[in-house]
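Position one of the sequence shown corresponds to residue 1 (the working numbering), numbered consecutively onward.
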Amino acid sequence: MAGRTCSTLCVRQQHSGLDSADSHYDRLYPGHIPTDVIQKALLAVGPGVAALQDPYRHDMVAVLGETTGHLALNTLRDRIRGDPEGYTILTERPRIRLSTLDLSKMAFLPDGSLGREYLRFLEDNRVTPDSRADVKFVDNEELAYVMQRYREVHDLLHSLLGLPTNMLVVWNPW
Numbered sequence: 001m002a003g004r005t006c007s008t009l010c011v012r013q014q015h016s017g018l019d020s021a022d023s024h025y026d027r028l029y030p031g032h033i034p035t036d037v038i039q040k041a042l043l044a045v046g047p048g049v050a051a052l053q054d055p056y057r058h059d060m061v062a063v064l065g066e067t068t069g070h071l072a073l074n075t076l077r078d079r080i081r082g083d084p085e086g087y088t089i090l091t092e093r094p095r096i097r098l099s100t101l102d103l104s105k106m107a108f109l110p111d112g113s114l115g116r117e118y119l120r121f122l123e124d125n126r127v128t129p130d131s132r133a134d135v136k137f138v139d140n141e142e143l144a145y146v147m148q149r150y151r152e153v154h155d156l157l158h159s160l161l162g163l164p165t166n167m168l169v170v171w172n173p174w
């Protein structure tokens, strides 16, 4: 990606990594809350019920995914590792955040470009890349990044595929 100009997304690279001030002995990454199997089960039940009652509760959907998605995250991580570009993403760990996007440049991109349509999606839905909750309950640092990356590309996928945000689409992202 080095040497390319801002053509569709206008992304600046930012790496995620442990902040030395937050590297408590039992934390795998900033914000991590270690949990055992029983705690994960309890965390899955409450948010699971809440997410079924109100699927627009992104916080509950996020906790449910973190506490029940271990096998899916392993599978996704393995598929990402198997692709050369995916392997680079896992190694470099770029983030999609307000601090890595140039929204003012994206506003002037042509209609139909990924960057312009992504910005339009964010504006229409009154969200930002930073609206997605940070991962807390995944007890593997690499899998936590995979979950975070999934959250960060989620809205990009809506933009790229022209998908609405109804719950039928959101509930089954695979």
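Idealized CB from N, CA, C, for every residue including glycine.
It should be emphasised that the depicted structure is a prediction, and the values quoted were computed from it without experimental measurement.
Identity of the residue in the options nearest residue i by Cα
| i | options | result |
| --- | --- | --- |
| Val135 | Leu64, Val45, Val49 and Ser99 | Leu64 |
| Ser104 | Arg120, Thr91 and Pro94 | Arg120 |
| Glu141 | Leu114, Ser113, Asn74 and Tyr56 | Asn74 |
| Ala41 | Pro55, Leu52, Gly69 and Leu101 | Gly69 |
| Glu117 | Leu163, Arg79, Glu92 and Asp54 | Leu163 |
| Ser113 | Asp124, Leu161, Pro34 and Arg79 | Leu161 |
| Asp212 | Val45, Tyr29, Thr35 and Thr165 | It is not possible to answer for residue 212, since the shown part of the chain is limited to 1 through 174. |
Residue i (DSSP reduced to helix, strand or coil)
| i | result |
| --- | --- |
| Leu43 | helix |
| Ser23 | Reliability of the predicted coordinates at Ser23 is poor, the pLDDT of 44 falling under 50, and no value is obtained from them. |
| Leu109 | coil |
| Ser159 | helix |
| Leu28 | coil |
| Pro94 | strand |
heavy atom of the ligand MG below 8 Å from residue i C-beta
| i | result |
| --- | --- |
| Arg81 | This structure does not include the ligand MG; it has no bound ligands of any sort. |
Sequence-distant residues of the same chain with beta carbon closer than 6 Å to residue i, five excluded per side
| i | result |
| --- | --- |
| Val37 | none |
| Val138 | Glu66, Ala144 and Met147 |
| Arg151 | Arg132 |
Rounded separation between residue i and residue j - CA only
| i | j | result |
| --- | --- | --- |
| Glu85 | Tyr145 | 16 Å |
| Leu129 | Leu98 | Reading off the sequence, residue 129 comes out as Pro, not Leu. Cα to Cα, the separation comes out at about 6 Å. |
| His154 | Leu90 | 17 Å |
| Arg77 | Pro110 | 33 Å |
| Val49 | Ala72 | 20 Å |
| Arg82 | Arg27 | As written in the sequence, residue 82 is Gly, which differs from the Arg given in the question. The straight-line gap from Cα to Cα measures roughly 28 Å. |
| Arg93 | Leu52 | 32 Å |
| Gly46 | Ile80 | 31 Å |
| Asp102 | Gln39 | 40 Å |
| Ile33 | His58 | 19 Å |
| Tyr29 | Thr100 | 20 Å |
| Leu157 | Asp54 | 22 Å |
| Ser159 | Arg149 | 16 Å |
Beta-carbon contacts of residue i that lie in its chain and below 7 Å, excluding the five residues immediately before and after
| i | result |
| --- | --- |
| Gly31 | Asp134 and Lys136 |
| Ala107 | Leu119 |
| Leu183 | The displayed coordinates of the chain run from 1 to 174. Any statement about residue 183 would go beyond what the structure contains. |
| Leu43 | Thr35, Val63, Thr67 and Phe137 |
Hey, is the segment 83-101 in contact with the segment 52-69, meaning 3+ C-beta pairs nearer than 8 Å?
-> No: the two stretches stay apart, fewer than three of their Cβ pairs being nearer than 8 Å.
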